[in-house]
Amino acid sequence: MDWSNRFSQIAKDAQTSEIRELLKLLADPEILSFAGGIPDPALFPIAGFQRISNAIAADPSRNRQALQYAPTEGYVPLRTWAAERANAPELALDIDNVLITNGAQQGLTLLAAALIDIGTPIAVAAPTYLGALQVFETRQPRIITVATDTDGLRLDALEAAFREGVRFLYTIPDFQNPGGFSQSEERRAGIVALAHRYGVPILEDTAYRDLYYDAPPPPSLLQMEARLRSSECSAGSWREKGLVVQLGTASKTLMPALRIGWVIAPLPIMEKLIVLKQADDLNTSSLNQMLTHDLAITILNDHVAMLRSIYGERRDI
11 MDWSNRFSQI AKDAQTSEIR ELLKLLADPE ILSFAGGIPD PALFPIAGFQ RISNAIAADP
71 SRNRQALQYA PTEGYVPLRT WAAERANAPE LALDIDNVLI TNGAQQGLTL LAAALIDIGT
131 PIAVAAPTYL GALQVFETRQ PRIITVATDT DGLRLDALEA AFREGVRFLY TIPDFQNPGG
191 FSQSEERRAG IVALAHRYGV PILEDTAYRD LYYDAPPPPS LLQMEARLRS SECSAGSWRE
251 KGLVVQLGTA SKTLMPALRI GWVIAPLPIM EKLIVLKQAD DLNTSSLNQM LTHDLAITIL
311 NDHVAMLRSI YGERRDI
């Protein structure tokens with residue numbers, strides 16, 4: 011069978027991901043790769059994972075739930091934890107604003123499906139995360155790159171992109187991949203103000219937000235937008251009319267193999283994301299969601315503190 015004349019145009023245009031090539035380097039024990047955002051497996055919380063896995067398996071009230079289909083939106087306790095983690099008084103988040111995904115990568119895929127048509131202009135930093143570009147490029151948008159400096163996205167370049175009518179901005183404010191910079195609080199305020207002026211949604215990727223070495227990063231773009239919005243209208247208005255959509259993940263702080271991420275979004279887009287996810291994979295693994303939740307509420311804070319300490323020491327070598 012010659013499959014070449016059966017492929018869709020999207021499949022014909024798809025290229026091998028640079029990330030796939032980078033991951034091949036992991037098979038070589040002689041290589042210490044700085045190419046990808048890949049956690050050190052020696053630091054995975056194995057003891058906590060074993061303890062919690064055994065506890066779930068031994069509990070008749072939980073083991074059946076862990077092995078069953080689940081609501082598309084996700085495991086309620088995990089959604090509650092994610093909402094509390096990202097919340098601020100001005101946000102008034104609840105679980106209706108949270109969707110659990112198969113890693114943040116699926117969140118990007120769902121958002122691309124919801125927001126990008128062929129030829130849609132979108133804005134990204136120059137440079138930006140290759141995995142996001144790969145997802146976006148499957149939808150065939152017109153990608154507009156925004157110049158950066160040591161404080162992050164340059165506001166003059168961002169405004170120029172917004173004037174071209176971009177559908178959204180994708181950005182990594184904290185310890186950007188691959189640039190390594192973090193956006194200052196002043197720059198974040200400027201980005202949010204421009205987004206409000208031009209009515210441009212922001213996709214905020216927070217994959218590395220918890221892995222700081224010294225002081226915590228400034229407030230997230232989600233939190234800053236909620237503050238701006240609450241000064242203009244009632245607290246909690248972001249839930250219905252917000253511009254910032256936030257992506258999170260457990261891959262960098264716990265274990266990538268759990269494949270647990272989440273999207274925090276205003277209700278109008280959340281409704282679309284749920285429908286798209288249901289069509290894509292029905293639900294994220296119930297077992298992995300329960301494992302992630304139990305790890306998050308028991309060991310995560312101490313574990314992340316350990317990661318900061320060890321990664322900080324390695325940075326200083």
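Every position in the sequence shown, counted from 1, becomes a number in my numbering once 10 is added. Where is the CB? At the ideal position from N, CA and C, for every residue including glycine.
- By the beta-carbon neighbour count (other beta carbons within 10 angstroms, threshold 16), Asp312 is exposed.
- If you look at Pro229, you'll find it isn't in any alpha helix (DSSP H); DSSP assigns it neither H nor E.
- Put simply, the backbone Cα of Leu310 is about 30 Å away from that of Leu179.
- Rounded to whole angstroms, the separation of the alpha carbons of Leu88 and Ser71 is 17 Å.
- Annotation note: the stretch 160-186 contains the following uninterrupted alpha helix (DSSP H) runs of length 4 or greater, listed N- to C-terminal: 165-173.
- C-alpha of Asp69 to C-alpha of Ser63: approximately 10 Å in a straight line.
- As for any beta strand (DSSP E) of minimum length 3 sitting wholly inside the stretch 272-313, there is none.
- The Cβ atoms of Leu231 and Ile212 sit closer than 7 Å to each other.
- Taking 7 Å as the cut-off, the beta carbon of Arg164 is found no closer than this to the beta carbon of Ala171.
- For the set Tyr222, Thr259, Val285, the Cα lying nearest the Cα of Arg318 is the one of Tyr222.
- The distance from the Cβ of Gly252 to that of Thr216 is about 15 Å, inconsistent with a contact at the 8 Å cut-off.
- Taken through DSSP and simplified to helix, strand or coil, Gly189 comes out as coil.
- Excluding its 5 nearest sequence neighbours in each direction, Asn293 has C-beta neighbours in its own chain below 7 Å: Tyr79, Ala80, Pro81, Thr82, listed in chain order.
- Nearest neighbour of Phe54 by Cα position, chosen from Lys287, Pro266, Pro276, turns out to be Pro266.
- Cβ neighbours of Leu143 within its own chain (closer than 8 Å, five residues either side excluded): Val134, Ile153.
- As for any alpha helix (DSSP H) of minimum length 4 sitting wholly inside the stretch 47-97, the runs are 56-68, 70-76, 86-96, ordered along the chain.
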